[in-house]
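What follows is a single structure, written as structure tokens, with notes after it.
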Amino acid sequence: MKKNEEKMIFISIAVIIAVIALMFFVRSKVEDIEFCRIVLLRLIKGNFSAQNYIDWEGLKTKKLVGFDVGQGYSSLSSKKDRELFRKTFIKGFHFGFNKGKGGMQDFTNWRTVEKGLQQAVIAADYKGKTILFTISRIGEKKLTGIQWQ
């Protein structure tokens, strides 16, 4: 009887660990998607608080805006120029969506397409295209890429 009790305790512990791991995975996946949705919404609305969620020096956007934002930002040396760059990018993003009459409601089918310890790639469909958001998962989450697929 003692061996059966030990076996049941072991199985119970294993199940609990598996459930906790699954909950962490699901929560983490949802958090990555929600993070991207929050940053995108702030960009679309022209909310300058979006700048706090972006890795400006590492931001890859060539397929989105035609040039590498991170490289352009890194070439600026003064704090004032960098601040102006961030504000201009956010205003441009905002005006681009207003001009195209787009909004958050046009982004559908949010999903995780790649997930690792250091980064995740989140996809969403937008008017027949797919947009990819790359986020760094090291330390504080930051948006490191926005690309059309």
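Each residue of the sequence shown is one higher than the last, beginning at 1475 in our numbering.
Virtual Cβ for every residue (Gly too), placed ideally from N, Cα, C.
Residue range of the alpha helix (DSSP H) that includes residue i
i            : result
residue 1589 : No alpha helix (DSSP H) contains residue 1589, which is instead part of the beta strand (DSSP E) from 1581-1589.
Presumed contact (8 angstroms Cβ cut-off) between residue i and residue j, rounded CB distance
i            : j            : result
residue 1558 : residue 1547 : About 11 angstroms; that fails the 8 angstroms criterion.
residue 1577 : residue 1569 : Wrong, their Cβ atoms sit about 13 angstroms apart, outside the cutoff.
residue 1596 : residue 1582 : Actually they are not in contact, since the Cβ atoms of residue 1596 and residue 1582 sit about 13 angstroms apart, beyond 8 angstroms.
Residue i - DSSP class collapsed to helix/strand/coil
i            : result
residue 1552 : coil
residue 1577 : coil
residue 1559 : helix
residue 1615 : coil
residue 1506 : helix
residue 1572 : helix
residue 1544 : helix
residue 1520 : coil
Unbroken beta strand (DSSP E) run spanning residue i, endpoints
i            : result
residue 1599 : 1593-1600
residue 1607 : 1603-1610
residue 1528 : From DSSP, residue 1528 is part of no beta strand (DSSP E); its letter is neither H nor E.
Paired residues, beta bridge with residue i - DSSP
i            : result
residue 1533 : Partner(s): none; residue 1533 has no beta bridge.
residue 1620 : 1607
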